[in-house]
Every structure is written in C-alpha cells, then in structure tokens.
C-alpha cells in the first residue's frame, strides 16, 4: 500500500481543490495565449504560410485551454457533490420507531 502511494505521480497526489485550481488556471493561461497569437496573426493568416502555422498553434492553444478549463470545472462539480453529500448525510435515513 505504501509503495503504491509512492509510485503515484505528483498530479495524482494533489487534492481535488488543488486540481481544480491548477486546471482552471492553466486553461485560462492557454486560452489567453491562443487568443493573443490569433490577435497578432490577424489578417495575415490567409496570405502567408508562417501566419497559418501561427494561427494553427493559436487554435490548438485555445482548444487545449478550453479542455483544461472543462476538466477543472469537472473537479469543481465533484467538490460540490462531496459538500452536498456531507451536508445531507443521514437526511434520508428512516427514523426508528420507539416501542413503548
């Protein structure tokens, strides 16, 4: 059991809140970089091959950023589900009748 914990990667050792923050921050950075590259490339992407390559990189960064944001939001929904389950713990249990 100890050996399995040591073999896990650094990402698997993170808590859900840390994964949420890391993925959303990385996603926003990638989206911003992709948008910046596309803004700089601008109208030239229809004329020059180098500009087309820059546009391709910008689009890949945008899509990668959106994917990281989506996975970060998935971790956020898992955190919300855990909070709701803790809050409602025991809420659906049947009450025992007292036999007098």
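In this note's numbering, the protein residues as written are 1 to 100. Ideal Cβ positions, reconstructed from N, Cα and C, are used throughout, including at glycine.
Cβ of residue i within 8 Å of Cβ of residue j?
i          : j          : result
residue 58 : residue 84 : no
residue 78 : residue 33 : no
Once DSSP output is grouped into helix, strand and coil, what is the label at residue i?
i          : result
residue 18 : helix
residue 8  : coil
residue 48 : coil
residue 76 : helix
residue 23 : helix
residue 87 : helix
Can you round the beta-carbon distance between residue i and residue j to whole angstroms, since I take them to be within the 8 Å contact cut?
i          : j          : result
residue 28 : residue 65 : 7 Å
residue 14 : residue 22 : 7 Å
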